[in-house]
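Student: Here it is: the structure, laid out below.
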Amino acid sequence: MNSIFNQLLNVKGTVVEDARIVDSPLRPVPVLEIRVRPRKGLLRCSRCGKRRRGYDQGGGVRRWRHQDFGCWRVELVAVMPRVDCPKCGVVVASVSWAEPGSRFTRDFEAECAWLMTVANQKTVSGFLHIAWRTAGDIAHRVAERLKAGMPSPFDGLTAIGVDETSYRKGHTYVTVVVDHERHRVIWAHDGYGKDVFDLFFQQLSDEQKKSIRVVTGDGARWIDSCVAEHCPNAERVLDGFHIVSWMTGALDKVRKRLWNQARHEHDEETTKRMRGVKYAVLKNPRDLTDKQSEAFDALRNTDPKGQLYRAWQLKELLRTLLKHPLDQAKTELNHWVFWASHSRIPEIVELARKIRRRRPDILRTIELGYSNARLEAFNNRIKVTIRMAYGFHHVTNLIALIMLRCGGLNIQLPTPTN
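Spelled out as structure tokens, the structure:
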């Protein structure tokens, strides 16, 4: 029987001594308790990982949650020997089935981390019967374990993008750096600004910095400053996602101003229309629902001067010109700046000044082919990950989940070993 459990546990270097079902009033559910021990001669220090001589059998029994066997919750139980390490002293020996300090086996953690990349908080917590904060700690351990076994993500970088994304109320941000060529997140850190972005470059060697040819991001001056300091030969371009987001932000300001104006004038019909087109004017025309399409059809007559409709037209012109060839885009961008600056819409006139100032960066974006669709999809994936991580106690766990979902880390689910 023990040999069968040895195969079911699927952990090398482990011997099953006993298995029993424990049904105690102190436990919420019955548990399949499997008593195990490491094979002789495999004792290693849990801190430095070196093979060491045994010191004693320790002073207590420890438990680890394992993958369920059908409907049965499984726990591994073992007496933990100690080793005499010349470097670390007398410490508990490591075990082959779990990380030091963890209350879960590696196989359980791999299953949990994989589920977190494809399912929401309620599903993971309910299916595995663990707290969401516990799942966050597991994600952190798995991400660190996977990164340690991979080549450096900073080797061979040619084009990177940087963005800061809010993850909590109160202007709390996480800065994310992506590799455009390999389509993955390579670094993330709590906070934003020059000091945070400098931390990224401090991890790169001089050779790795020299290989970077393109840095994309929004128009923040701290990005310009870091690029000039660490990668002076790199092209600094604005990614299409942020260029369009400037326009959608200005467009929504126009709508809010007209909505407030209609409310103050007690114009109920215009107020209702302005509220109804909130999402219609921000979406791409092909993505509108039937209800939004109806609201959009009435947009021309929403306000007397047609400000919102003209602002929407300028948004669509800016969005489409980013996809055109460089020579055509140059002409269209000049026309766009002229129309926007003469639109007599305060929010759009202000944006036209910004676009004129960043015109060289925008044209470099078009020339180098960093399309809005690809970058927008990546940014949306990161934002979805942040929503999935709601309730995490530590930002390090949020960053771990971002790396698991967007960092190219391959979670290997447990499979039978020979």
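For the sequence shown, position 150 matches number 132 in the working numbering, and the numbering has no gaps at all. Backbone N, C-alpha and C define an ideal beta-carbon position, used for all residues, glycine too. Keep in mind it's a predicted model, so treat the numbers as computed, not measured.
Could you tell me the distance, in whole angstroms, from the CA atom of residue 101 to the CA atom of residue 325?
Tutor: Approximately 47 Å, taken between the alpha carbons.
Student: Grab me the residues of residue 0's own chain with a C-beta within less than 6 Å of its C-beta, minus the 5 sequence neighbours each way, in chain order.
Tutor: 17, listed in sequence order.
Student: Do you know how far the Cα of residue 197 is from the Cα of residue 136?
Tutor: Using only the alpha carbons, I get a separation of about 14 Å.
Student: Is the stretch 139 to 148 touching the stretch 158 to 175 in the sense that three or more CB pairs, one from each, lie closer than 8 Å?
Tutor: Contact between the stretch 158 to 175 and the stretch 139 to 148 is present, because at least three Cβ pairs lie under 8 Å.
Student: Within 10 angstroms of the Cβ of residue 248, are there 16 or more other Cβ atoms? Answer buried if so, exposed if not.
Tutor: When all chains shown are included, residue 248 counts as exposed.
Student: Decide if residue 209 is buried, meaning its Cβ has at least 16 other Cβ atoms within 10 Å, or exposed.
Tutor: With 16 or more other Cβ atoms within 10 Å, it is buried.
Student: For residue 354, which residues from the same chain have a beta carbon less than 8 Å from its beta carbon, with the 5 sequence-adjacent residues on both sides left out?
Tutor: Note that residue 354 scores 48 on pLDDT, short of 50, meaning its location in the model is unreliable; the coordinates nonetheless yield the value given after this. Cβ neighbours of residue 354 beyond the five flanking positions: 221, 222, 223, 225, 226, 301, 304 and 305.
Student: Exposed or buried, residue 47, counting other C-beta atoms within 10 Å across all chains shown (16 or more means buried)?
Tutor: Its Cβ being crowded by 16 or more others within 10 Å, residue 47 is buried.
Student: What is the rounded straight-line gap between the Cα of residue 383 and the Cα of residue 79?
Tutor: One C-alpha to the other measures close to 23 Å.
Student: At which residue ranges does the stretch -11 to 54 contain complete beta strand (DSSP E) runs of 3 or more residues, listed in the order of the chain?
Tutor: The qualifying runs are -4 to 4, 13 to 20, 35 to 38 and 43 to 51.
Student: Nearest-angstrom Cα distance between residue 364 and residue 171?
Tutor: Distance between the alpha carbons of residue 364 and residue 171 is about 13 Å.
Student: On a Cα-Cα basis, can you pick out the residue from 60, 212 and 37 that is closest to residue 177?
Tutor: It is 212 whose Cα lies nearest to the Cα of residue 177.
Student: Would you kindly report the start and end of the unbroken alpha helix (DSSP H) that includes residue 408?
Tutor: The question about residue 408 has no answer here: the residues shown for the chain are numbered -17 through 400.
Student: Exposed or buried, which one is residue 411 when buried takes at least 16 other CB atoms within 10 Å?
Tutor: Shown here, the chain extends from -17 to 400; a query on residue 411 therefore has no answer.
Student: Check whether the stretch 2 to 11 touches the stretch 86 to 97, taking contact to mean three or more Cβ pairs, one atom from each stretch, closer than 8 Å.
Tutor: No, they do not touch.
Student: The alpha helix (DSSP H) with residue 160 in it runs from where to where?
Tutor: Residue 160 -> not in any alpha helix (DSSP H); beta strand (DSSP E) instead, spanning 154 to 161.
Student: For residue 67, which three-state DSSP category applies?
Tutor: Three-state DSSP puts residue 67 in a strand.
Student: Is the stretch 104 to 111 in contact with the stretch 121 to 136, if contact means three or more CB pairs nearer than 8 Å?
Tutor: Judged by Cβ distances under 8 Å, the stretch 104 to 111 makes no contact with the stretch 121 to 136, as fewer than three pairs qualify.
Student: State the DSSP-derived secondary structure class of residue 145, mapped to helix, strand or coil.
Tutor: Of the three classes helix, strand and coil, the one that applies to residue 145 here is strand, per DSSP.
Student: Beta carbon of residue 67, beta carbon of residue 104: below 8 Å?
Tutor: No; because the gap between Cβ atoms is not below 8 Å, this pair is not in contact.
Student: Please report the residue range of the alpha helix (DSSP H) in which residue 236 lies.
Tutor: 222 to 246 is the span of the alpha helix (DSSP H), which, as asked, contains residue 236.
Student: Assign residue 218 to one of three DSSP states: helix, strand, or coil.
Tutor: Residue 218 falls in the strand class under three-state DSSP.
Student: Please report the straight-line C-alpha distance between residue 319 and residue 338, rounded to a whole angstrom.
Tutor: Each residue's Cα considered, the two are about 7 Å apart.
Student: Let me know the alpha helix (DSSP H) ranges lying completely inside the stretch 167 to 212, each 4 residues or longer, listed in chain order.
Tutor: The qualifying runs are 176 to 184, 188 to 192 and 203 to 212.
Student: The alpha helix (DSSP H) with residue 132 in it runs from where to where?
Tutor: It is not in any alpha helix (DSSP H) - residue 132 carries neither H nor E in the DSSP assignment.
Student: Report all residues from its chain with a CB closer than 6 Å to the CB of residue 155; omit the five preceding and five following residues, and keep chain order.
Tutor: Hits under 6 Å: 146, 148 and 174.
Student: Could you pull the DSSP bridge partners for residue 75 from this structure?
Tutor: In the DSSP output, where bridge partners are listed per residue, residue 75 has 27.
Student: Report all residues from its chain with a CB closer than 7 Å to the CB of residue 321; omit the five preceding and five following residues, and keep chain order.
Tutor: Correct list, in chain order: 296.
Student: Where does residue 354 sit, in a helix, a strand or coil, going by DSSP?
Tutor: For residue 354, the predicted structure reports a pLDDT of 48, less than 50, and the residue's modelled location is therefore unreliable. The matter cannot be settled from this model.
Student: I'd like to know whether the C-beta atoms of residue 59 and residue 39 end up nearer to each other than 8 Å.
Tutor: No; because the gap between Cβ atoms is not below 8 Å, this pair is not in contact.
Student: Work out the CA separation of residue 370 and residue 35 for me, nearest whole Å.
Tutor: One C-alpha to the other measures close to 45 Å.
Student: Can you give me the start and stop residues for the alpha helix (DSSP H) that residue 95 sits inside?
Tutor: Segment 88 to 100, the alpha helix (DSSP H) holding residue 95.
Student: Could you give the DSSP three-state label for residue 80: helix, strand or coil?
Tutor: Three-state result, residue 80: strand.
Student: Thinking just about the alpha-carbon of each residue, which of 390, 375 and 398 is nearest to the one in residue 116?
Tutor: Among 390, 375 and 398, the Cα nearest to that of residue 116 is on 375.
Student: Measure how close the beta-carbons of residue -3 and residue -13 come, nearest whole angstrom, since I'm counting them as under 8 Å.
Tutor: Not a contact, Cβ separation roughly 10 Å.
Student: How long is the line joining the alpha carbons of residue 263 and residue 183, rounded to whole angstroms?
Tutor: Each residue's alpha carbon lies about 39 Å from the other.
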